[in-house]
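Please read the structure below before turning to the comments.
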Amino acid sequence: MKALWLENKHLQLRTDVPIPEIPPGEALVRVVRAGICNTDLELLKGYYPYRGILGHEFVGIVEQGPSQLVGKRVVGDINAVCGECYFCRSGQATHCENRTVLGIVKRNGAFGEYLTLPIENLHPVPESVPTDVATFTEPLAAALEIQQQVQVRPDDRVLVVGDGKLGQLVAQTLALTGCNLLVIGRHQEKLANLAARGIQTGLADAVTDRSFDLSVECTGNPEGFAIARRALRPRATLVLKSTYAGQLTFDASSLVVDEITLIGSRCGSFPPALQLLAENRVDVEPLIHAHYSLSEGLAAFDRAQKRGVLKVLLEIGVES
Ligand SMILES: [Zn+2]
Ligand SMILES: [Zn+2]
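For what it's worth, our numbering labels the leading residue of the sequence shown as 44, then goes sequentially.
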């Protein structure tokens, strides 16, 4: 089958990858659509030494698996877990010590014609949600994870740093809490997406230092971190939502003196994300900037790395 294969920081289009064998407890999924995420771009730069098919945001059709799922359009939780380690047994399965992660850690990903995932990872997509829209389930679930970790109150002043793919979803989900939200970024046209939804936006100079209760860093660069940090009043919370390809240095003493809570935030639960999409409470369509076929996958990656480009989708298979 065709697939985008990453090896030694080099991405190539291969046509000789075998269709995966189906491990016990897993289902075979024919991939229809997949999204290129910043994590994929970071993997290309080598933030984690991954070798295999890239991609973790997808919609597919179950080809082989339990009869109630076969033929269904699904999205899939990217963490495949052991069910037996301490974290699995204590309800923190995303931290499973033996996990593999779709297209990220020891598990071939979604930029190929087929993938396999454990049956329990698969979630049918509600009829009303278009396939393009459903490819955002994974990053939207990650955005919602913030609200599992921090209680956001309507009178909280909240800052989102970054107007990229993830920042847009984080901003839209935080806006649903009714909090006093400001999103800052570097791209007027991206901020305009959010302003159109009634969200307050600005450039970095719109931030008043030491005045926010919560800031969420969605840029993955040290400048973004510095802004998110400066914005916080004492005893506030800083959520790190992006992976960093390099090291981050910061003034640890000031975090101590100001008693700042620092929270790392990764994957979230799929059902609430699917529900938000089904209820049209977030709007992801303006974030889609291009479609490419899998054969044009390398060009799709070039496009995704261009300044100002939001989500690039790969059309991998037909819907029925
Ligand atoms: Zn992602
Ligand atoms: Zn486990």
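Glycine is no exception: its CB is placed at the ideal position from the N, C-alpha and C atoms. If you're wondering where the values come from, they're calculated on a predicted model, not measured in any experiment.
With H, G and I counted as helix, E and B as strand and the rest as coil, what does DSSP make of residue i?
i, result
"Lys115", "coil"
"Gln211", "helix"
"Asn81", "helix"
"Glu362", "coil"
"Leu250", "Per the sequence shown, the amino acid found at residue 250 is Val instead of Leu. Correct three-state label for Val250: coil."
"Arg273", "helix"
"Thr280", "strand"
"Lys233", "helix"
"Gly68", "coil"
"Pro173", "coil"
"Phe179", "coil"
"Asp256", "strand"
"Arg196", "coil"
"Thr216", "helix"
"Glu156", "coil"
"Lys52", "coil"
"Asn151", "coil"
"Leu353", "coil"
"Gln191", "helix"
"Arg94", "coil"
"Pro265", "helix"
"Arg37", "Residue 37 is absent from the structure shown; the chain starts at 44 and stops at 363."
"Ala239", "coil"
"Ile227", "strand"
"Arg346", "helix"
"Ile331", "strand"
"Gly245", "strand"
Taking 7 Å as the cut-off, is the beta-carbon of residue i closer than that to any non-hydrogen atom of ligand 4?
i, result
"Arg272", "For the structure depicted, ligand 4 is absent and the ligand set comprises only ligand 1 and ligand 2."
Subject >> Neighbouring residues (CB closer than 7 Å to any heavy atom of ligand 2) >> reply: The set, ordered by position in the chain, is Val124, Cys125, Gly126, Glu127, Cys128, Phe130, Cys131, Ala136, Cys139, Glu140, Asn141, Arg142.
Subject >> For ligand 1, residues whose Cβ lies under 5 Å from any non-hydrogen atom >> reply: Spelled out in chain order, the answer is Cys80, Thr82.
Original post:
How about the segment 237–244 and the segment 255–273: do they share at least three Cβ pairs that are nearer than 8 Å?
Top reply: No: the two stretches stay apart, fewer than three of their Cβ pairs being nearer than 8 Å.
Original post:
Just checking, does the segment 286–306 make contact with the segment 199–209 on the three C-beta pairs under 8 Å criterion?
Top reply: The segment 286–306 is not in contact with the segment 199–209.
Subject >> Cβ pair count under 8 Å reaching 3, the segment 175–187 against the segment 324–335 >> reply: Yes, the segment 175–187 is in contact with the segment 324–335.
**OP:** Could you name each continuous alpha helix (DSSP H) segment of 4 residues or more that falls completely within the segment 284–322, going from the start of the chain to the end?
**Re:** For secondary structure counted as the alpha helix (DSSP H) over 4 or more consecutive residues, the segment 284–322 holds these complete runs in sequence order: 295–300, 313–321.
Subject >> Contact between the segment 137–156 and the segment 91–108 (3+ Cβ pairs under 8 Å) >> reply: Judged by Cβ distances under 8 Å, the segment 137–156 makes contact with the segment 91–108, as three or more pairs qualify.
**OP:** Specify whether the segment 157–172 and the segment 115–133 touch according to this definition: at least 3 beta carbon pairs, one from each stretch, less than 8 Å apart.
**Re:** As far as the Cβ criterion goes, the segment 157–172 touches the segment 115–133, which means the pair count is three or higher.
Original post:
Between the segment 123–131 and the segment 74–83, are three or more C-beta pairs nearer than 8 Å?
Top reply: Contact between the segment 123–131 and the segment 74–83 is absent, because fewer than three Cβ pairs lie under 8 Å.
Original post:
Is the segment 248–256 close to the segment 229–239, with three or more CB pairs under 8 Å?
Top reply: Not touching, per the Cβ criterion.
Subject >> Entirely enclosed beta strand (DSSP E) segments - the segment 98–146, minimum 3 residues >> reply: Fully enclosed beta strand (DSSP E) runs of 3 or longer: 100–107, 116–119.
Original post:
Counting Cβ pairs closer than 8 Å, one from the segment 49–57 and one from the segment 332–350, do we hit at least three?
Top reply: Taking a cut-off of 8 Å on C-beta distances, the segment 49–57 touches the segment 332–350, as three or more cross pairs fall below it.
Subject >> Touching by the beta-carbon criterion (3+ pairs, under 8 Å), the segment 101–115 and the segment 62–75 >> reply: Below 8 Å, enough C-beta pairs join the segment 101–115 and the segment 62–75 to call them touching: three or more.
Original post:
If we count Cβ pairs, one from each stretch, closer than 8 Å, do we get three or more for the segment 153–161 versus the segment 134–141?
Top reply: Output reads no: the segment 134–141 does not touch the segment 153–161.
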